[in-house]
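Every number in this note's numbering is 1163 more than the matching position in the sequence shown, counting from 1.
A quick write-up on the structure given underneath.
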Amino acid sequence: MVSPTSSGDSVKPVDAKKLRPSDGEVEAAPVDQTDDEYKAGRLRSLVQRLLGLTGKDLPSAILSLSDERISSLLDQINQATKEIFAQQSDTDAFLDDQILTIICDIPRSETAMEESEGRLSPMFDSIVDRVVGTQEDRVFTYLLGCYSRLEMELGNVWLEPYEAECLSRFKVRLLTQKLAFLRGFLTDGSTDVPSALLLRAMVMISLPDNYLSDLLTVAVETDETAVADAFNPVLDLITQAATRASLIDRNEDFRLPLRSLLDLCSVKIDNKRPICNLLVNRSDWLPTPVTTAAGRELTRVTFLGPFISLSLLPDDGDVEAPERFFEADDIPKESRQFVYSSMRNMLQSLRSDVHKVLHAILANADSREKAIEFLASIIKYNEKKSQLQADGSKLASDGFMLNFLAIMYELSAKVGLDKVHPLYPFHPECRVNVAQETKLKLSSEQYDAFIKTLDLSFERKFPTECFFLTMHAQHEAISAGLGNFSNLQRHISEVDRRYKLQEQEAENFGPDQQQQKVRAAAKLAQMLKLRSTLVKKQYCMEATLIDDGFLSRALQFCSKQLAILINAVNPD
1164 MVSPTSSGDS
1174 VKPVDAKKLR
1184 PSDGEVEAAP
1194 VDQTDDEYKA
1204 GRLRSLVQRL
1214 LGLTGKDLPS
1224 AILSLSDERI
1234 SSLLDQINQA
1244 TKEIFAQQSD
1254 TDAFLDDQIL
1264 TIICDIPRSE
1274 TAMEESEGRL
1284 SPMFDSIVDR
1294 VVGTQEDRVF
1304 TYLLGCYSRL
1314 EMELGNVWLE
1324 PYEAECLSRF
1334 KVRLLTQKLA
1344 FLRGFLTDGS
1354 TDVPSALLLR
1364 AMVMISLPDN
1374 YLSDLLTVAV
1384 ETDETAVADA
1394 FNPVLDLITQ
1404 AATRASLIDR
1414 NEDFRLPLRS
1424 LLDLCSVKID
1434 NKRPICNLLV
1444 NRSDWLPTPV
1454 TTAAGRELTR
1464 VTFLGPFISL
1474 SLLPDDGDVE
1484 APERFFEADD
1494 IPKESRQFVY
1504 SSMRNMLQSL
1514 RSDVHKVLHA
1524 ILANADSREK
1534 AIEFLASIIK
1544 YNEKKSQLQA
1554 DGSKLASDGF
1564 MLNFLAIMYE
1574 LSAKVGLDKV
1584 HPLYPFHPEC
1594 RVNVAQETKL
1604 KLSSEQYDAF
1614 IKTLDLSFER
1624 KFPTECFFLT
1634 MHAQHEAISA
1644 GLGNFSNLQR
1654 HISEVDRRYK
1664 LQEQEAENFG
1674 PDQQQQKVRA
1684 AAKLAQMLKL
1694 RSTLVKKQYC
1704 MEATLIDDGF
1714 LSRALQFCSK
1724 QLAILINAVN
1734 PD
């Protein structure tokens, strides 16, 4: 047994168990015991189980406490439960005191901030791995364990009303303390380690069901800045991971930050999505461009830009992609199709995840407007993408635009033609200005006169805006992508032609022209290397552009466009 005068040495598991009744032990009320005493005993046992002070497998945080501290905790719980039924104690204050006492007594680890043996992925900041084994990690794990034990107790169908009320209060107080931990109130004020611990748990899928939903519910009800204080650091780590992500990873680790982001955006509280609201109000959601290369800038500095930029095209994605997927430049068509299938599956996974995130933001009424502004800005700042002599260094890459177009196809897939207003391009608040576009058989004056005859008092609706934004995205992405693909094919043909000429010239050198032969051989080798690089790049573009699924969605959308035009010409 443990006495109040025992030393502060770490408690052994077997000693700790002697202090507590077993899980299956049920306290029966003696004949001479009052009803309040019996209830206090049951409540005391419940709180001990929730805090991990009883049971077979004790939490490591409890095992790290001294015998004296554990004995003191048990005495406090015993006294407080009696006072609660005597209406002399505040239940919430009592629960807060017990939780804080335990987590504040958890000792620091001697291995704090050392590198973890199992890294999640190189794309994540090193702090996500270095937090393992720290004092904060022990606190995080303990609070998470309390929540799991709470969920188990809530599944008990034999709970008394006062026990159910205690569980409800404990849940709120536990999540309130977890929120304070994430905001840095229980540490040195820094949120770096707590946010890294939460992201790590999300990536490893080790959070209990409904945990994020319950945590966000408490955060929303706490104060105006609670959600931002607790989750903005997590979003920072997610977007940093996206900038380091790569599609050439065999494990598809690029999906890890996207999956975590989707988990956060999917949480709904009273028909609102707090993380979606937080996202669109961040400074990096849609910053004002500060350079003349606005199209390219938005792909780098916006929150979702790094996700959409993930590509298999070496000009804007991974320069190692062609070498990673294609070891040679003379692969038979049948073998290439097998590799293409793998590459397209990765692209589809990426696009599908980003689409789900954007769909969640658009489905949330409070964040929809800023989400549409983001989509419209991408199209606006890349409108020169469809020009023949466009400066690619100032515009979004082909990979970005093709991913963006695929996402827009998904968003507009369920838009019916009856929901699309054909006069939207002429609306004074149209997201994309078409006033300067070429008109067929119509001067500027005639165009202005025509606009005045139209009834443009209709309200802009999302289906209409989504349809026309997709139309513009298709014009910019397809034109540029196919144009660059044709240029690449011409480049390969030109290299082949020059190689043959150089080869013929080398064959004409005589025995006394050894120096010229050496130079010619070097040039031929250089041309072969260039051709190999270009052909592998061509393979990547074929995998991205000539995709049956992508082309099928393009044709489906084009059929809708034609239907809109036909209805405009012949409404009947």
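Where is the CB? At the ideal position from N, CA and C, for every residue including glycine.
Just so we're clear, the structure is a prediction, and the values are computed from it rather than from any experiment.
- Task: Tell me, to the nearest whole angstrom, how far the beta carbon of Pro1437 is from that of Leu1379; I am working on the premise that it is less than 8 Å.
- Result: That pair is a contact at about 5 Å.
- With burial defined as no fewer than 16 other Cβ atoms inside 10 Å of the residue's Cβ, what is the status of Lys1334: buried or exposed? Its Cβ being crowded by 16 or more others within 10 Å, Lys1334 is buried.
- DSSP beta-bridge partners of Ser1620: DSSP lists no partner for Ser1620.
- Test item: CB-CB of Arg1332 and Gln1298 under 8 Å: Cβ distance not < 8 Å, so Arg1332 and Gln1298 don't count as in contact.
- Through-space distance from Thr1633 to Leu1725, alpha-carbon basis: Rounded to whole angstroms, Leu1725 to Thr1633 spans 14 Å at the Cα level.
- Task: Return the CA-CA distance between Ala1706 and Asp1493, expressed in angstroms with no decimal places.
- Result: Cα to Cα, the separation comes out at about 16 Å.
- Alpha carbon of Asp1259 to alpha carbon of Asn1527, nearest angstrom: Looking at the two C-alpha atoms, the distance is approximately 34 Å.
- Could I get the ranges of all uninterrupted alpha helix (DSSP H) runs contained in the segment 1340-1427, with 4 residues as the minimum, in chain order? Within the segment 1340-1427, the complete alpha helix (DSSP H) runs of at least 4 residues are 1355-1366, 1374-1385, 1389-1407.
- Just checking, does the segment 1637-1654 make contact with the segment 1598-1616 on the three C-beta pairs under 8 Å criterion? Contact between the segment 1637-1654 and the segment 1598-1616 is absent, because fewer than three Cβ pairs lie under 8 Å.
- Coil, strand or helix - Ser1715 by DSSP: Ser1715 falls in the helix class under three-state DSSP.
- Item | Span separating the alpha-carbon of Ile1729 from that of Val1583 | One C-alpha to the other measures close to 14 Å.
- Task: Using three-state DSSP, classify Lys1435 as helix, strand or coil.
- Result: In this structure, Lys1435 counts as strand in the three-state DSSP scheme.
- In the structure shown, what three-state DSSP assignment does Ser1607 receive? Of the three classes helix, strand and coil, the one that applies to Ser1607 here is helix, per DSSP.
- Task: Report, in whole angstroms, the separation of the C-beta atoms of Glu1546 and Glu1639, which I expect to be a contact under 8 Å.
- Result: Going by Cβ atoms, the distance from Glu1546 to Glu1639 rounds to 7 Å, so yes, they are a contact pair.
- Message: Excluding the 5 residues flanking Lys1723 on each side, which residues of the same chain have their C-beta closer than 7 Å to its C-beta?
- Response: If we look at Lys1723 and ignore the five residues flanking it on each side, its Cβ neighbours are Leu1580.
- Would a C-beta distance cut-off of 8 Å place Glu1326 and Leu1213 closer than the cut-off? The Cβ-Cβ distance between Glu1326 and Leu1213 does not fall below 8 Å.
- Message: So, for Pro1588: in the same chain, excluding its five sequence neighbours on each side, which residues have a beta-carbon less than 7 Å away from its beta-carbon?
- Response: Once the five neighbours on either side are set aside, the close Cβ partners of Pro1588 are Val1597, Phe1631.
- Give the C-beta separation of Ser1423 and Met1365 to the nearest angstrom, bearing in mind that I take them to be a contact with Cβ-Cβ under 8 Å. Yes, they are in contact, since the Cβ atoms of Ser1423 and Met1365 sit about 4 Å apart, within 8 Å.
- Item | Euclidean distance between Cα positions of Leu1263 and Arg1445 | For Leu1263 and Arg1445, the distance between alpha carbons rounds to 32 Å.
- Query: Distance, Cα to Cα, Ser1505 vs Leu1645?
  - Reply: Near 22 Å, if we compare the C-alpha coordinates of Leu1645 and Ser1505.
- Query: Just how far apart, CA to CA, sit Ala1491 and Leu1226?
  - Reply: Roughly 58 Å between the two C-alpha positions.
- Query: Grouping DSSP H, G and I as helix and E and B as strand, with all else coil, what is Leu1538?
  - Reply: Reduced to three states, the DSSP call for Leu1538 is helix.
- Using the C-alpha atoms, what's the distance from Lys1341 back to Ser1353? Straight-line Cα distance between these residues: approximately 14 Å.
- According to DSSP, is Ser1446 helix, strand or coil? Here Ser1446 sits in coil by DSSP.
- In angstroms with no decimal places, state the Cα-to-Cα distance between Lys1557 and Leu1467. Cα-Cα distance, rounded: 19 Å.
- Message: Using the three-state DSSP reduction, which class does Glu1328 fall into: helix, strand or coil?
- Response: DSSP places Glu1328 in the helix class (H, G or I) of the three-state scheme.
- Query: Anyone know if the C-beta pair for Asp1561 and Asn1647 falls short of 8 Å?
  - Reply: Cβ distance < 8 Å, so Asp1561 and Asn1647 count as in contact.
- Check the C-beta distance from Pro1485 over to Lys1699 and give it rounded, since I have them as a contact under 8 Å. Right, the Cβ-Cβ distance comes to about 3 Å (below 8 Å), so this counts as a contact.
- Counting pairs of Cβ atoms below 8 Å between the segment 1448-1462 and the segment 1537-1556, do you hit three or more? Three or more Cβ pairs closer than 8 Å define a contact, and the segment 1448-1462 meets that threshold against the segment 1537-1556.
- Item | Sequence ranges, beta strand (DSSP E) only - wholly within the segment 1651-1702, length at least 3 | DSSP runs (the beta strand (DSSP E)) wholly in the segment 1651-1702: none.
- Leaving out five residues before and five after Leu1375 in sequence, what residues of the same chain have Cβ atoms less than 6 Å from its Cβ? Answer for Leu1375: Val1430, listed in chain order.
- Excluding sequence positions up to five away, which residues of its chain have a Cβ less than 6 Å from the Cβ of Pro1420? Cβ within range, chain order: Ile1401, Ala1404, Ala1405.
- Starting from the C-beta of Cys1439, find all residues in its chain whose C-beta is less than 7 Å away, skip the five residues before and the five after it, and write them out in chain order. Excluding sequence neighbours, Cys1439 sits near Cys1428, Ala1523, Ile1524, Asn1527, Ser1530.
- Going by C-alpha distance, which of Ile1269, Asp1516, Ile1240 is nearest Asp1255? Nearest of Ile1269, Asp1516, Ile1240 to Asp1255, Cα basis: Ile1240.
- Message: In this structure, how does DSSP classify Thr1254 when only helix, strand and coil are distinguished?
- Response: In this structure, Thr1254 counts as helix in the three-state DSSP scheme.
- Task: Run the CB neighbour count on Lys1663, radius 10 Å, all protein chains shown included, and call it buried at 16 or more, exposed below.
- Result: Under the 10 Å beta carbon count, Lys1663 is surrounded by fewer than 16 other beta carbons and is classified as exposed.
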